[in-house]
Every structure is written in C-alpha cells, then in structure tokens.
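In our numbering, the protein residues as written are -5 to 607.
Just so it is clear, CB atoms sit at the ideal spot from N, CA and C, and this is done for glycine as well.
This is the structure:
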C-alpha cells in the first residue's frame, strides 16, 4: 500500500468513526448521567456536584503553513500547535471536546471560544441542582487551575492558603483535578498519532483525527467496564426550551457570578475539611464548626451523667487526693475557651483551632476522671460545687458566644442577599434599557412601513383609474370593430391586436388583485407588530415594578441591618458587663415587501393606442 493510499484510508476511517459513533461517545451528559457523576465524584473525591475537570493540551503541527506559523506558535512550546480543550470525569471518560484553536491562545482565550456553556445558556442542558453545606446550587461545576475565571461553574484552589482547612482543600482539589491529566496521558499513550507532530495540512482533517481518537478512547473505557454513566438511547439529551433575551442574560450573569464562585468554594472547603475531621476523630456529630458545637459538647459532657451532680450525704468519706489538679485543669480549660472565643470573634486563622478544641476535650476527660474518682471515695462537697459553678459559667459564656456567632452569620447572609438583589436589579435595568431601544427601533420601522403602505395605496388607486379608462376604450373599440365581417386583412389584424390588449389588461387586473391581497396581509402584520409592541410595553412596566419592589426590599433590608447592628452592640455591652463581673471575682458572613414586479402592468405605448382607436 502506498503512502497516499494509507493517508486517504486514515482520513476516511476517522471521518467514518466520527459520523457513526459521535452521537454516543461524544454525547452531552443527560440528567441521569449528571446524577451518577455527582454521586461517583462525591464518593471518590468528596466533591458533591462535581461534573469533572477541565484543562487544555497542545498537539504540535509539523506541516503548518508558513503564513500561519506566527499565529499558531507560542513561546511556551516554540513550534506551531493546536489546542485541545476537554472535560474528563474520574473514570477518564471525556465528556467535552473543543479542538482547533491556534496554539498562541492560553486557556482563558480558548474558553471564550469554547461552546461548553452554549447548551446551558440556551436552556438545552438539563437542570441538575445539588446541595452542599446547607446551600443549594443550580448548576454543576468543573475543577480548574488558577488561570480560569471566577465563574460559579468553576472551582479553583486557594492561591495562598494559610489556614489548615484551606491547605487541606487545596491538596484535595489538586488531587481530584489530576483526572484530566491522567486522561490526556492515557489518550496520548494509546494513540501515538496525537503524541507526535501532526502532518495533515487541512484543519478539518486534523479535527476528525482527534475526535476519532477520543471516541475510541471512550470505547475502551466502556469496554473495560470503568464508565460511570451508561448510555440510554431513549433518554432525552436536550431540553426543548427556547429562553428569551431576559432569561439568557440572567443565565450569563448567574454563570459569571464571582460571589457565588467564592461561596461555593467556601462551602466545599467546610464540607470536605470538617467531614474528614469527623470521620477521623469521631467526636463531632454535627456539620457545624467546633466553636458552634462547643456549648453543646460541654453540656452533654458534664450534665449527662447524674452521678456527677448528685450528693447523697455529708457523712460520706471523700478522697482529698483525687481533687488535686481539678481547679488547675478547670482554669486551663476556661483559658482555652476564652482564647477560642477571641479567635472566633476576630476570625483569626492561625491554624490552631482544631488543636485548641482537642486540648479542651482532653482536659474535659481528665476532669471527668478525677471527679468520678473523687465521688467513688467521697469528694469534698465545696470543691465539687465550685467546679460545678465554674463549668456552668463557662457553659453560659459558650451559649452567649454561639448566639453572637448566629447573629454574625445572619448578618452575612443578609449582606449576600442584598448583593444578589443588587445584581438582579442591575440585570433588570440593562434588560429594560435594551427593551426600550428595541421598542424605538421597531416604532421607527413601523412608521417607515406605514409610509410605504400609504404610497403603495396611492399608486394602486392611480393604476385602477388607468385600468378603468383602458377598459372603457377597449369596450368602445370592441363595439366599433366587431369581428363579424372578416373580409379584409386589416380588420382581422385589428381584431387580433385588440384581443392581445384585452389579455394584457386581464393580467394587469390579476396583478392589481394580488397587490390588494398583499396589502391586506401587510396590514395584518402591522396589527400583529402593534400588539407585540403593546405586550413589550406591559413587560417593561412589570420589570419597572419589580425594580421598585427590589428597591423597597433593599431599604427594608437596610433597616433590618441597622436593627441587627443595634442588637450586636447590646450583646457587646452585655459581654463587657460579664467580663467586669468576672474580674471582680478574680476569674478571666418586518413585514415583507410587496415586490411583485410581474404584477405591475406594462405601460401601453402611444402607437398601440392609436392602433386600437
């Protein structure tokens, strides 16, 4: 087989593979596929709502035309190349492919040209919401590196983590994102044609070769039984929905929301870090941070056992040696609680929060052991009462701290709601301005069309008058020149000429009728356009009413924030009072144109009229 035959066979095979198997092995994920991907990624990586990881790779182009080398070459690779953008899941199945961008573009420029969000913006992608850390999100997300923008559908690692939680999330995110690197490595190792420099000259041929290799890669994954989602032929892949301009703009704003991106990253960091900590220690039963459940832990620890608070008599014998160190442990415990309170109030991230909580739990175990030992031999009643009063004081302080933290959380939630309402208001204002511009354009177009219709009506009236006069002349000519006597050749020629003129006049009449019909259709379309303009005016009024409601809600939220700030000031005053009391005791987020040229009658020449007459 010659080299040319081998090349043509390769190109034909690639095209056939893509056209035959592309609908199955390069399909978009359906609702069932998304749910299975969510469950698999949460079980494997701990990321709920994760669709996959997105990244780009380059394929060198050996026979790139000389005129294109400056466009397709980059300083990073040094030679012309083509960029492949792909999305892969944990099973190495490639769900999204976009290939053919010049190699001088970075990942962000490739994303701007990519159709990855087209189905989502056009309303064709299925809605698959998920919940993480108590918050619900509408769309799934992809794991990316640091160059990608802050979209609500992207999750990036913290750039410079300081707290232990952020460091732990960065390690987990980078480890889960290696799925895409593994997929690229397996693809290039299995199909060496994409590992070495490409030789074809045609970009379309290169696309077919790359897509064919990815299709066969997915076939291998399915054949080995590693695929997470399975193809169901009867399941719909697209939603039959066509969003309007307002819905489209709302989806764009929702996807490009940086605040939602940050909130999703924070929720995922809390979910992954505190979930793994609970599984390791087994001491936390709630999904909240340690400073929110400290009061509950202390109360359950000291008041669940009724023997600690029960005293049966004064004649019992107590072991004084068992009480040694209890007071010191309690003081140390109170000191740790105070430090933890100050760190939580100032939102200080020193990486020692979990160490403080572990130290408090250790001291609690020691105090419990000493108190139980003292009670077994008969402890000193006054010492136990003093310890009990100290612990009650600490419980009250912890409850007060938890109340303050709830107030701060409510304040942050209100701030987020206000920011979301302001963003929605801006989008509505932009939509209203665009609708106003469209209305002005349509009104100008309607005025122009109405002027054209008036001119056409005047022209039709003139043609009707000319037609009536011509018909009268034809009738007069027909009465004078009846074809009764066909003796002379001149009379027969006049008869034929008159007949031709009659046919021409009939055609003119038919053209006038068609023009009249088109005129009625144009009037009907004009009425429809007027009704649409009225509907748009109603929608604009409703949008303005929504904006007024948003402004009213914004003012009400400001009033609520002022009330919350007053409550916080009162709580700070109460805490200062408690601190003063403790010191005294010694303790410590158109219408179509009528362009019927054949319907306009041809003018009758003067010679023909003289012949008729």
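CB contact flag (residue i, residue j, <8 Å)
{"i": "residue 47", "j": "residue 170", "result": "yes"}
{"i": "residue 191", "j": "residue 56", "result": "yes"}
{"i": "residue 93", "j": "residue 176", "result": "no"}
{"i": "residue 450", "j": "residue 513", "result": "yes"}
{"i": "residue 206", "j": "residue 60", "result": "no"}
{"i": "residue 77", "j": "residue 102", "result": "no"}
{"i": "residue 464", "j": "residue 506", "result": "no"}
{"i": "residue 433", "j": "residue 527", "result": "yes"}
Chain-order list of residues whose beta-carbon lies under 8 Å from that of residue i (same chain, five-residue window excluded)
{"i": "residue 266", "result": "40, 41, 162, 163 and 166"}
{"i": "residue 180", "result": "86 and 211"}
{"i": "residue 354", "result": "288, 327, 330, 331 and 334"}
{"i": "residue 468", "result": "492, 495, 496, 499 and 606"}
{"i": "residue 245", "result": "114, 115, 117 and 237"}
Other residues of its chain near residue i: CB distance less than 7 Å, five sequence neighbours each side excluded
{"i": "residue 199", "result": "5"}
{"i": "residue 656", "result": "Lying before the first or after the last residue shown, residue 656 is absent from the chain, which here runs from -5 to 607."}
{"i": "residue 153", "result": "140"}
{"i": "residue 27", "result": "223"}
{"i": "residue 67", "result": "73, 74, 97 and 98"}
{"i": "residue 178", "result": "51"}
{"i": "residue 38", "result": "84"}
CB-CB length for residue i against residue j, believed under 8 Å
{"i": "residue 142", "j": "residue 258", "result": "So it is not a contact: roughly 14 Å between Cβ atoms."}
{"i": "residue 44", "j": "residue 35", "result": "4 Å"}
{"i": "residue 529", "j": "residue 222", "result": "Actually they do not touch by this definition, with Cβ atoms about 46 Å apart."}
{"i": "residue 24", "j": "residue 229", "result": "5 Å"}
{"i": "residue 104", "j": "residue 58", "result": "Actually they do not touch by this definition, with Cβ atoms about 18 Å apart."}
{"i": "residue 419", "j": "residue 242", "result": "Contact doesn't hold; Cβ gap of about 18 Å is too wide."}
{"i": "residue 440", "j": "residue 509", "result": "No, residue 440 and residue 509 are not in contact; Cβ-Cβ is about 21 Å, not under 8 Å."}
{"i": "residue 261", "j": "residue 126", "result": "5 Å"}
{"i": "residue 124", "j": "residue 32", "result": "6 Å"}
Candidates the options: closest to residue i by CA position
{"i": "residue 220", "options": "86, 203, 434 and 94", "result": "86"}
{"i": "residue 461", "options": "256, 179 and 504", "result": "504"}
{"i": "residue 413", "options": "110, 175, 549 and 263", "result": "549"}
{"i": "residue 430", "options": "534, 122 and 83", "result": "534"}
{"i": "residue 81", "options": "-5, 129 and 174", "result": "174"}
{"i": "residue 553", "options": "408, 427 and 20", "result": "408"}
{"i": "residue 402", "options": "154, 563, 248 and 240", "result": "563"}
{"i": "residue -3", "options": "445, 216, 436 and 193", "result": "193"}
{"i": "residue 424", "options": "538, 102, 218 and 117", "result": "538"}
{"i": "residue 115", "options": "127, 133, 410 and 124", "result": "133"}
{"i": "residue 558", "options": "405, 524, 509 and 545", "result": "405"}
{"i": "residue 204", "options": "544, 336 and 8", "result": "8"}
{"i": "residue 489", "options": "470, 502, 507 and 501", "result": "470"}
{"i": "residue 410", "options": "551, 70 and 241", "result": "551"}
{"i": "residue 416", "options": "435, 356, 540 and 524", "result": "540"}
{"i": "residue 610", "options": "197, 214 and 172", "result": "Absent from the structure is residue 610, since the part of the chain shown begins at -5 and ends at 607."}
{"i": "residue 79", "options": "110, 71 and 437", "result": "110"}
{"i": "residue 611", "options": "196, 531, 227 and 269", "result": "Because the chain here runs from -5 to 607, residue 611 falls outside it and cannot be looked at."}
{"i": "residue 427", "options": "458, 501 and 239", "result": "239"}
{"i": "residue 15", "options": "117, 432, 0 and 227", "result": "227"}
{"i": "residue 172", "options": "463, 155 and 136", "result": "136"}
{"i": "residue 324", "options": "216, 501, 365 and 338", "result": "365"}
Sequence-distant residues of its chain with Cβ nearer than 6 Å to residue i (five each side left out)
{"i": "residue 13", "result": "none"}
{"i": "residue 119", "result": "113"}
{"i": "residue 263", "result": "159 and 163"}
{"i": "residue 138", "result": "48, 148 and 150"}
{"i": "residue 225", "result": "18"}
{"i": "residue 208", "result": "88 and 91"}
{"i": "residue 54", "result": "73, 75 and 191"}
heavy atom of the ligand GTP below 7 Å from residue i C-beta
{"i": "residue 408", "result": "As presented, the structure is devoid of all ligands, the ligand GTP included, so that no description of it is given."}
Ranges of the alpha helix (DSSP H) found wholly within the stretch 193 to 258, counting only runs of at least 4: Correct list: 197 to 217 and 239 to 249.
Which runs of the beta strand (DSSP E) at least 3 residues long sit entirely within the stretch 52 to 110? Give them in chain order. As far as the stretch 52 to 110 is concerned, its whole beta strand (DSSP E) runs of at least 3 residues are 75 to 82 and 88 to 96.
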